[in-house]
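Notes for the one structure printed next.
Numbering (the numbering used here), first residue to last: 5 to 313.
Rendered as structure tokens:
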């Protein structure tokens with residue numbers, strides 16, 4: 005991997021509400037995105053609500069933006085001033101008994117001057133590869149890499165299911181047990197450009213482990229905060245698996261309880277999907293060494309508010 009600029013991570017063109025959680029020396033990083041932000045734009049008009057405020061290359065699955073401005077602010081001393089500001093022609097002699105002088109544009113020797121110098125006609129592009137995706141309605145951890153080779157390695161680990169992900173979900177109702185292993189067969193199809201999953205007559209295996217964290221049974225309708233650890237990474241998997249067990253995720257406008265969603269929104273003012281990518285962790289090998297990477301995005305305050313009596 006080519007050396008990153010010293011301020012690469014500090015100058016990322018992050019989208020609205022997106023934050024940098026952590027990064028490692030190899031160029032791997034985790035961002036936290038709020039609900040409503042796209043992992044990547046699907047068309048130009050999506051740019052203002054995307055992960056980065058930069059152009060997205062769908063074929064390479066990376067964001068790209070100018071690495072540096074075409075003109076830099078430089079501080080130059082009076083000797084440099086002469087290089088960029090040639091002296092005017094000599095002044096006409098004056099009829100005085102003093103030596104003639106030549107006017108120049110040089111400033112006092114001790115002064116510093118800031119000027120714009122166009123150093124190059126084109127600037128190299130900085131790139132950031134997207135390693136996984138979250139639905140726009142889902143908040144939390146999303147991984148990126150500043151190296152194409154590292155991106156290939158981590159994407160391959162996602163495909164081999166070597167990445168451990170943990171989600172938090174606020175659901176209507178309460179699970180029958182504190183811990184459960186969920187297994188289903190999903191049918192996934194695309195309708196009018198939208199992905200839809202179904203757990204009633206599918207052939208795609210889906211597995212997740214569920215742990216009950218907290219419940220509020222004194223709410224108008226009981227609410228539970230559950231932890232979900234998917235062992236497979238199917239589209240909309242967790243949302244479908246929750247709904248199938250009569251634990252619809254609060255705010256799910258596709259698989260959820262629409263009436264309960266309306267009542268909840270009216271009572272709290274919250275209309276978001278209450279699904280949050282809480283933590284991602286894994287070990288990976290790179291350049292002959294093994295590294296451990298872990299990133300956690302704290303639970304949004306809206307989850308805590310909803311669980312208060």
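Ideal placement from N, C-alpha and C gives every residue a C-beta, glycine not left out.
Between the options, which has its C-alpha nearest residue i's C-alpha?
{"i": "residue 311", "options": "152, 176, 260", "result": "176"}
{"i": "residue 269", "options": "254, 239, 290, 166", "result": "254"}
{"i": "residue 71", "options": "11, 151, 252", "result": "11"}
{"i": "residue 301", "options": "132, 162, 170, 166", "result": "170"}
{"i": "residue 31", "options": "159, 48, 40, 13", "result": "13"}
{"i": "residue 231", "options": "215, 240, 246, 303", "result": "215"}
{"i": "residue 8", "options": "151, 208, 173", "result": "151"}
What do you reckon, are the CB atoms on residue i and residue j nearer than 8 Å?
{"i": "residue 179", "j": "residue 228", "result": "yes"}
{"i": "residue 243", "j": "residue 256", "result": "yes"}
Please report the distance separating the alpha-carbon of residue i from that of residue j.
{"i": "residue 189", "j": "residue 211", "result": "9 Å"}
{"i": "residue 275", "j": "residue 267", "result": "10 Å"}
{"i": "residue 295", "j": "residue 235", "result": "22 Å"}
{"i": "residue 165", "j": "residue 136", "result": "12 Å"}
{"i": "residue 80", "j": "residue 160", "result": "Unreliable positioning characterises residue 80 in this predicted model, as indicated by a pLDDT of 36, which lies under 50. A coordinate reading is not provided."}
{"i": "residue 63", "j": "residue 44", "result": "12 Å"}
{"i": "residue 48", "j": "residue 220", "result": "42 Å"}
{"i": "residue 157", "j": "residue 313", "result": "46 Å"}
{"i": "residue 271", "j": "residue 265", "result": "10 Å"}
{"i": "residue 206", "j": "residue 130", "result": "42 Å"}
{"i": "residue 252", "j": "residue 259", "result": "7 Å"}
{"i": "residue 184", "j": "residue 285", "result": "22 Å"}
How close, in whole Å, do the beta carbons of residue i and residue j come, if the pair is a contact with beta carbons under 8 Å?
{"i": "residue 26", "j": "residue 299", "result": "5 Å"}
{"i": "residue 283", "j": "residue 145", "result": "7 Å"}
{"i": "residue 314", "j": "residue 37", "result": "Since the first and last residues shown for the chain are 5 and 313, residue 314 lies out of range."}
{"i": "residue 239", "j": "residue 167", "result": "With 8 Å as the limit, residue 239 and residue 167 do not qualify as a contact, their Cβ atoms being about 16 Å apart."}
{"i": "residue 21", "j": "residue 57", "result": "Not really, about 12 Å apart at Cβ, beyond 8 Å."}
Run through the DSSP bridge pairs and tell me what residue i is partnered with.
{"i": "residue 231", "result": "172, 215"}
{"i": "residue 44", "result": "Residue 44 is not bridged to any residue."}
{"i": "residue 265", "result": "In the DSSP output, where bridge partners are listed per residue, residue 265 has none listed."}
{"i": "residue 143", "result": "280"}
{"i": "residue 13", "result": "None, per the DSSP bridge assignment."}
{"i": "residue 295", "result": "288"}
{"i": "residue 270", "result": "Note: residue 270 sits in no beta bridge, so no partner."}
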